[in-house]
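Sequence lines, in order, name chains A and B.
When you read off a place in the first sequence, starting at 1, and then add 371, the result is the number in our numbering.
When you read off a place in the second sequence, starting at 1, and then add 4, the result is the number in our numbering.
Backbone N, C-alpha and C define an ideal beta-carbon position, used for all residues, glycine too.
A quick note: this is a predicted structure, and the numbers were derived from the prediction, not measured.
First up is the structure itself, then whatever we jot down about it.
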Amino acid sequence: AQTVTQSQPEMSVQEAETVTLSCTYDTSESDYYLFWYKQPPSRQMILVIRQEAYKQQNATENRFSVNFQKAAKSFSLKISDSQLGDAAMYFCAYRSAGSNYQLIWGAGTKLIIKP
Amino acid sequence: NAGVTQTPKFQVLKTGQSMTLQCAQDMNHEYMSWYRQDPGMGLRLIHYSVGAGITDQGEVPNGYNVSRSTTEDFPLRLLSAAPSQTSVYFCASSRGTGETQYFGPGTRLLVL
């Protein structure tokens with residue numbers, strides 16, 4: 372069975388600096404999708420970034436980028452120029468590209484932004 | 005375009021009561037799902053649907069029922085509420101397998 376591990380329960384960063392959140396996963400599949408979701412205090416789940424395993428190029432979305440290491444089964448999220456609005460829980464998630472519809476979630480990392 | 009909507013936002017139930025959490029989407033998505041989120045844990049899949057008339061169980065289906073009579077709606081029914089079902093419930097939809105899931109705002113449920 373697939374698993375997703377986020378080893379950092381909490382991270383803090385100074386405003387305008389860069390922070391990296393870690394995520395590792397375990398799977399025997401070769402084709403899958405990886406996601407980072409943000410959950411602010413409002414509890415709404417917001418997609419931050421999506422990566423397809425067959426793409427070697429790391430996904431980027433403005434200040435957010437990932438370091439996808441398929442062989443190491445690692446999928447870290449880098450947030451550049453951190454802003455106060457980035458404060459939230461961040462969840463890493465995995466989904467098989469096959470017929471299994473289920474998203475497998477990590478336990479989350481709480482990101483604190485220091486002004 | 006409202007996206008995914010959920011009602012109610014917050015509900016208090018007594019043990020043994022039943023209720024239905026509503027979920028609707030206006031994006032014509034085939035796939036819909038229900039998750040629960042408990043403190044310190046990621047989301048866990050309760051039930052999902054790959055289209056109208058088709059549903060299947062997720063990781064934690066016990067105590068919940070679903071149906072999908074239309075593409076737009078995917079209600080979640082609690083048959084006999086238990087304190088262990090106190091949680092935040094999220095509904096999500098996506099266009100297809102592997103596509104990005106869009107989440108509703110969540111329903112916070114407290115079972116006394």
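Check your understanding: Mind pulling the chain B residues with CB within less than 7 Å of Gly456/A?
Key -> From the beta-carbon of Gly456/A, no residue of chain B is found nearer than 7 Å; the closest lies around 18 Å away.
Check your understanding: Do you know how far the Cα of Gly477/A is from the Cα of Cys463/A?
Key -> Near 5 Å, if we compare the C-alpha coordinates of Gly477/A and Cys463/A.
Exercise for review: Round the Cβ separation of Ile404/A and Gln422/A to the nearest angstrom and send it over; I've been treating them as touching at under 8 Å.
Suggested key: Here residue 404/A is Tyr; the residue named in the question, Ile, does not match the sequence. About 7 Å; that satisfies the 8 Å criterion.
Check your understanding: Can a CB atom of chain A be found closer than 9 Å to the CB of Pro12/B?
Key -> Taking 9 Å as the threshold, the shortest C-beta distance from Pro12/B to chain A does not fall below it.
Review point. Listing by chain order, which chain B residues have their CB less than 7 Å from the CB of Met416/A?
Key: Correct list: Phe94, Phe107.
Point to revise | Closer than 7 Å at the beta carbon, the chain A residues around Met45/B | key: Ordered by position in chain A, the residues that pass the 7 Å Cβ test against Met45/B are Ala478.
Check your understanding: For the putative contact between Ser447/A and Thr391/A, defined by C-beta atoms under 8 Å, what is the C-beta separation to the nearest angstrom?
Key -> Confirmed, about 5 Å.
Check your understanding: Under a three-way DSSP split, which group does Asp457/A fall into?
Key -> Three-state DSSP puts Asp457/A in a helix.
Review point. Terminal residues of the continuous beta strand (DSSP E) containing Asn69/B?
Key: Start and end: 68-70.
Point to revise | Buried versus exposed call for Gln440/A [16 or more other C-beta atoms within 10 Å across all chains shown] | key: Exposed, because fewer than 16 other Cβ atoms sit within 10 Å of the Cβ of Gln440/A.
Check your understanding: Is it buried or exposed for Tyr396/A, if we count other Cβ within 10 angstroms and need 16 for buried?
Key -> By the neighbour-count rule (16 or more Cβ atoms within 10 Å), Tyr396/A is buried.
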